[in-house]
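Protein chains in written order, with our numbering: chain A, 1 to 63; chain B, 1001 to 1350; chain C, 2001 to 2165.
Where a beta carbon is used, it is the ideal one built from N, C-alpha and C, also for glycine.
Computed from a prediction, not measured in an experiment: that's the story for all the values here.
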Amino acid sequence: MEIPAIVGGGLVVIGVGIGIGSIGKGAMEAIGRQPDATGKIQTVMLIAAALVEGIGFAALFAL
Amino acid sequence: MGLNALSAKDSKISEDNNGSDLKSEIKSYILHHLEDSHDFNLMSYTDKKSGKKVYIGVPLPVILWDNGIKIFSSTKLNHGKTVVQSGSNYYKLYHGKVYQTDAKGTINFDEKNYPINYKPLDFSITKNVVSILFTAIIMLLLFKGLADSYRKNGMIAKGLGRFFEPLVLYVRDEIAIPNIGKKHYKRFMSYLLTLFFFIWFLNLLGLTPLGINVTGNIAITFALALITFIITNLSGKKTYWKHIFWMPGVPIPMKIILAPIELLGVIIKPFSLMIRLYANISAGHIVLMSLISLMFIFRNWLGSSLSFALAFSISIIEILVALLQAYIFTVLSALYFGFAVEEHDDHNHH
Amino acid sequence: MEKLISEFSFGLFFWQLLIFIFLVLLLKKFAWKPILDTVNERESSIKDAMSEADKARNEMAAIQESNQKVLKEARAEREALLKDARNTGAEIVAQAKTDAKIEANKIISQAQEAIQNEKRAAVNELKNQVAQVSLEIAEKVIDTELANKDKQAQLVDKLLKDSSL
């Protein structure tokens, strides 16, 4: 049986969701530990999330 | 992509049943709403007596480049129902695009059901172009007013400027300076500020009852991402290019492997900028409109009020998303500029 | 991807690019440059005012410090003066006391001497008077002895009575 491509898309979205979720978790914990570094952590968090998201987009739009 | 499957299936259904089925009508309505259109439509309904669709809105000029400029009003296209003759050519609207046809308006399809007719370059002043112009004029008036109020009131903002001045300062102090650095940020300020407010205002415009989906349009986000891409690479310094082609601090085989990846990253960065904004805003519109349509599908007080509550809360989230996406686009652009103008001294810990 | 490409409208892209670039240029000229310049100017003036205030505060602090110093010095001086005065007073009192003692001693010794002298003089005079009385008695005794024996005795008694010492 052929698996529809959209299933792969769903899997990618799950992976990306977990990835961005853990990035957010890590950032929040880091901010909790060091509230002074909030700005820096936010920037790094955004970069990391953007990279993960980019992979997700690449996979989704390759469908 | 899900939208892809949805649209392909939907276009067939809507053609077969001609919108008699409520669900497919809603689907086609949502998809139609997401697209740009050649006239500024406020509402449409089907006249019960004549059975014809009636459109209420403002017609806009259609401008085509087909061996010379062809200009005519969008009323002539009549939502794809009639064929327009301009000069010696005939044009017809099909799924939001203008095609050159013969006098009868026949459109030929390939095996995948895509039209193969010649498509002239379409420079029409569409609904989205009107929205962009509107936003541009609003921004000019608003920020010119802020600048003028400084001159009149001795360096203190007045009126609406009081609200926008902190945002301007936020873009400078929290987005530009930390990401680009104190030395170079001034060059990029105009672009970053314009970008931030432009995306934000257009996002918010999409949440008004007019619901014009501008930033959820790939052409718009592509243009914005392209400008970021061009500015990034034009202002790229030695360190930036060195990091792409000959990553310092890693063994030579790694350098060879990393170079194509980094080069790909140069393209992927603006690409993901483009897709992120497009996908977020489009998805927001789809979810919101689906929830609103659910009210008409349920037709009972429990389901409809539930979907109303959901639509209301999603609307509020979307207002947040409108700001968030503008922020993220601006932050990431600033970040890429920061990578580009980075001096070698800042990076010797590699 | 196919959908994205099929959805892409070159006309919209063209207008967007055109309008956006014009918007950036216009806003730069009419809005961002004046706004940022004004804000920078304002910030630098605030910074100037702050540093001015800081300077004034520092000066104030310095003045206060010097005041404090002067005050402290004055207090120390006063203290020293007071201490000096107290010492001097004590010294004077002590001096006076010793002087007084010496004087008193002197007076006492003088008095004692005078008393000694008086005593000596008195003793001498007594001695002289006793001698004289004795001589007178002896004279009278000798006078009366020649006349009467009883009378002699009476006379002696009488004389002895008279010459009560």
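Cβ-heavy atom distance, residue i to the ligand COA, below 7 angstroms
i: leucine 1234 of chain B; result: Judged by which ligands are present, the structure shown has none, so any question about the ligand COA falls away.
8 angstroms Cβ cutoff, residue i in contact with chain A
i: asparagine 1179 of chain B; result: yes
i: alanine 1340 of chain B; result: no
i: valine 1321 of chain B; result: no
i: glutamate 1174 of chain B; result: yes
i: isoleucine 1013 of chain B; result: With a pLDDT of 40 at isoleucine 1013 of chain B, under the threshold of 50, the modelled position of this residue cannot be trusted; read the value that follows with caution. Taking Cβ atoms only, chain A never reaches closer than 8 angstroms to isoleucine 1013 of chain B, which makes this a no.
i: glutamate 1343 of chain B; result: no
Cross-chain neighbours of residue i in chain A, by beta carbon under 8 angstroms
i: isoleucine 1328 of chain B; result: Leu46 and Ala50
Where residue i meets chain B, residues with beta-carbon distance less than 9 angstroms
i: leucine 2081 of chain C; result: Those do not exist, as leucine 2081 of chain C stays about 59 angstroms from chain B at its closest Cβ, beyond 9 angstroms.
i: alanine 58 of chain A; result: Ile1268, Phe1271, Ser1272 and Ile1275
Interface partners of residue i on chain B, CB under 8 angstroms
i: threonine 43 of chain A; result: Pro1178, Asn1179, Val1331 and Leu1335
i: glutamate 2059 of chain C; result: None at all; the shortest Cβ gap to chain B is about 28 angstroms.
Residues that residue i contacts on chain C, provided the C-beta gap is smaller than 8 angstroms
i: serine 1124 of chain B; result: Gly2011
i: leucine 1140 of chain B; result: Leu2023, Leu2026, Leu2027, Phe2030 and Ala2031
i: phenylalanine 1198 of chain B; result: Phe2020 and Leu2023
Residue-chain proximity (residue i, chain C), Cβ-Cβ < 8 angstroms
i: aspartate 1102 of chain B; result: no
i: lysine 1183 of chain B; result: no
i: leucine 1128 of chain B; result: Note on residue identity: the sequence assigns asparagine, not leucine, to residue 1128 of chain B. Chain C, which has a Cβ nearer than 8 angstroms to the Cβ of asparagine 1128 of chain B, makes this yes.
i: aspartate 1039 of chain B; result: no
i: valine 1168 of chain B; result: yes
i: phenylalanine 1222 of chain B; result: yes
i: leucine 1121 of chain B; result: yes
i: serine 1190 of chain B; result: yes
i: lysine 1036 of chain B; result: The sequence shown places aspartate at residue 1036 of chain B, rather than the lysine named in the question. Answer yes: the Cβ-Cβ gap between aspartate 1036 of chain B and chain C drops below 8 angstroms somewhere.
i: phenylalanine 1308 of chain B; result: no
7 angstroms Cβ cut-off: residues of chain C touching residue i
i: isoleucine 1218 of chain B; result: Leu2004, Glu2007 and Phe2008
i: alanine 1136 of chain B; result: Ile2019 and Leu2023
i: isoleucine 1091 of chain B; result: Rather than isoleucine, the amino acid found at residue 1091 of chain B in this sequence is tyrosine. Those within 7 angstroms of tyrosine 1091 of chain B in chain C number zero; the least Cβ separation is about 14 angstroms.
i: leucine 1205 of chain B; result: Simply none; closest approach about 14 angstroms.
i: threonine 1194 of chain B; result: Leu2023, Val2024 and Leu2027
Interface residues of chain B facing residue i [CB-CB closer than 7 angstroms]
i: glutamate 53 of chain A; result: Ser1272 and Arg1276
i: valine 2039 of chain C; result: Leu1169
i: glutamine 2016 of chain C; result: Ile1132, Ala1219, Ile1220 and Ala1223
Where residue i sits in the DSSP three-state scheme
i: valine 1321 of chain B; result: helix
i: isoleucine 1063 of chain B; result: strand
i: phenylalanine 2008 of chain C; result: coil
i: threonine 2098 of chain C; result: helix
i: serine 1149 of chain B; result: helix
i: isoleucine 1056 of chain B; result: strand
i: lysine 1048 of chain B; result: coil
i: isoleucine 18 of chain A; result: helix
i: lysine 1070 of chain B; result: strand
i: leucine 1042 of chain B; result: strand
i: lysine 1182 of chain B; result: coil
i: valine 1084 of chain B; result: strand
i: phenylalanine 1109 of chain B; result: strand
i: leucine 51 of chain A; result: helix
i: leucine 1093 of chain B; result: strand
Cβ of residue i within 8 angstroms of any chain B Cβ
i: glycine 39 of chain A; result: yes
i: alanine 2049 of chain C; result: no
i: isoleucine 2063 of chain C; result: no
i: alanine 2074 of chain C; result: no
i: isoleucine 3 of chain A; result: no
i: arginine 2042 of chain C; result: yes
i: isoleucine 14 of chain A; result: no
Three-pair Cβ contact test at 8 angstroms for the stretch 1186-1202 of chain B versus the stretch 2014-2034 of chain C: yes
At least three beta-carbon pairs within less than 8 angstroms, the stretch 1042-1059 of chain B to the stretch 1132-1143 of chain B: no
Segment contact, 8 angstroms Cβ cut-off, at least three pairs: the stretch 1329-1346 of chain B with the stretch 1163-1181 of chain B: yes
The stretch 1260-1291 of chain B: positions lying closer than 8 angstroms to chain A by Cβ: Ile1268, Lys1269, Phe1271, Ser1272, Ile1275, Arg1276 and Ala1279
Given 8 angstroms, three or more beta-carbon pairs between the stretch 1312-1325 of chain B and the stretch 1148-1164 of chain B: no
Residues of the stretch 1145-1162 of chain B with Cβ closer than 7 angstroms to any Cβ of chain C, in chain order: Leu1146, Ala1147, Tyr1150 and Met1155
The stretch 1078-1098 of chain B in contact with the stretch 1034-1046 of chain B per 3-pair CB rule at 8 angstroms: yes
Stretch pair the stretch 2004-2014 of chain C + the stretch 1243-1262 of chain B: three plus CB contacts closer than 8 angstroms: no
Validate contact between the stretch 1258-1271 of chain B and the stretch 2008-2018 of chain C using beta carbons, cut 8 angstroms, 3 pairs: no
Contacting positions in the stretch 2024-2036 of chain C - beta carbon closer than 7 angstroms to chain B: Val2024, Leu2026, Leu2027, Lys2028, Phe2030, Ala2031, Trp2032, Pro2034, Ile2035 and Leu2036
Touching by the beta-carbon criterion (3+ pairs, under 8 angstroms), the stretch 18-26 of chain A and the stretch 44-60 of chain A: yes
Any 3 or more C-beta pairs closer than 8 angstroms across the stretch 1139-1152 of chain B and the stretch 2028-2040 of chain C: yes
Three-pair Cβ contact test at 8 angstroms for the stretch 1056-1068 of chain B versus the stretch 1120-1127 of chain B: yes
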